[in-house]
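To convert, note that position 46 of the sequence shown is 46 in UniProt numbering; the numbers rise steadily by one, no gaps.
We put the CB at the ideal spot given by N, CA and C, even for glycine.
Structure, as structure tokens:
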Amino acid sequence: MTLSESIPDLESSPIVCAHCGEVCRGEVVRVKKKHFHVHCFTCQVCGCDLVRSGFFHHSGEYICTDDYQRLYGTQCDSCDQYITGEVVSALGRTYHSHCFVCRFYNNFLCVCSQESIPDWRQGDLLWKEVCVSAMLTLSEQ
1 MTLSESIPDL
11 ESSPIVCAHC
21 GEVCRGEVVR
31 VKKKHFHVHC
41 FTCQVCGCDL
51 VRSGFFHHSG
61 EYICTDDYQR
71 LYGTQCDSCD
81 QYITGEVVSA
91 LGRTYHSHCF
101 VCRFYNNFLC
111 VCSQESIPDW
121 RQGDLLWKEV
131 CVSAMLTLSE
141 Q
């Protein structure tokens with residue numbers, strides 16, 4: 001076998017759009033070894049343009065950020081907004097770190113902070129006694 005036989009001739013195998021199956025000419029989007037026409041690379045939920053907006057790949061589908069969060073994202077139990085980045089989970093609920101405050105005393109609940117004097121521990125979280133009693137009251141409701 002010669003070197004020319006082992007390498008496929010790229011000119012003879014056209015690039016085909018993974019969405020519509022047509023041959024791609026001009027600008028092409030390449031994602032995970034698949035090629036798309038620019039106008040074919042759209043959200044599989046709402047149809048918006050993914051080239052300019054960003055996307056997630058989930059279960060073989062390309063989905064815009066808004067639809068991905070709506071379908072698969074985690075909402076903060078305090079503000080109801082979707083959480084990206086760091087989360088705090090406690091008593092079966094999930095929060096942004098800045099939303100994780102005592103509802104009775106409106107102070108931030110401390111996560112292993114040297115500035116606080118912890119009175120109670122749940123996993124790796126340290127709590128002030130006043131906030132613990134407030135949270136236990138909420139969890140009983």
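Under the assumption that residue i contacts residue j (Cβ atoms under 8 Å), give the Cβ distance between them as a whole number of angstroms.
i, j, result
"C43", "D67", "6 Å"
"H57", "Y72", "That belief does not hold up - the Cβ atoms of H57 and Y72 are roughly 12 Å apart, past 8 Å."
Would you check if the distance between the CB atom of residue i and the CB atom of residue j is smaller than 8 Å?
i, j, result
"Y95", "D80", "no"
"C46", "F55", "no"
"F36", "C17", "yes"
"E31", "V38", "Here the sequence assigns Val to residue 31, which means Glu is not the residue at that position. No, these two residues do not count as a Cβ contact at 8 Å."
"T74", "V88", "no"
Could you pull the start and end residues of the alpha helix (DSSP H) that residue i belongs to?
i, result
"V51", "50-53"
So residue i is in the beta strand (DSSP E); what residue range does that whole segment cover?
i, result
"Y95", "93-96"
"S13", "Segment: none, S13 is in no beta strand (DSSP E) and carries neither H nor E."
"S78", "Looking at the DSSP string, S78 is not in any beta strand (DSSP E), and its letter there is neither H nor E."
Entirely within the UniProt domain "LIM zinc-binding" (15-74) and at least 3 residues each: give me those beta strand (DSSP E) ranges in chain order.
28-31, 34-37, 55-58, 61-64
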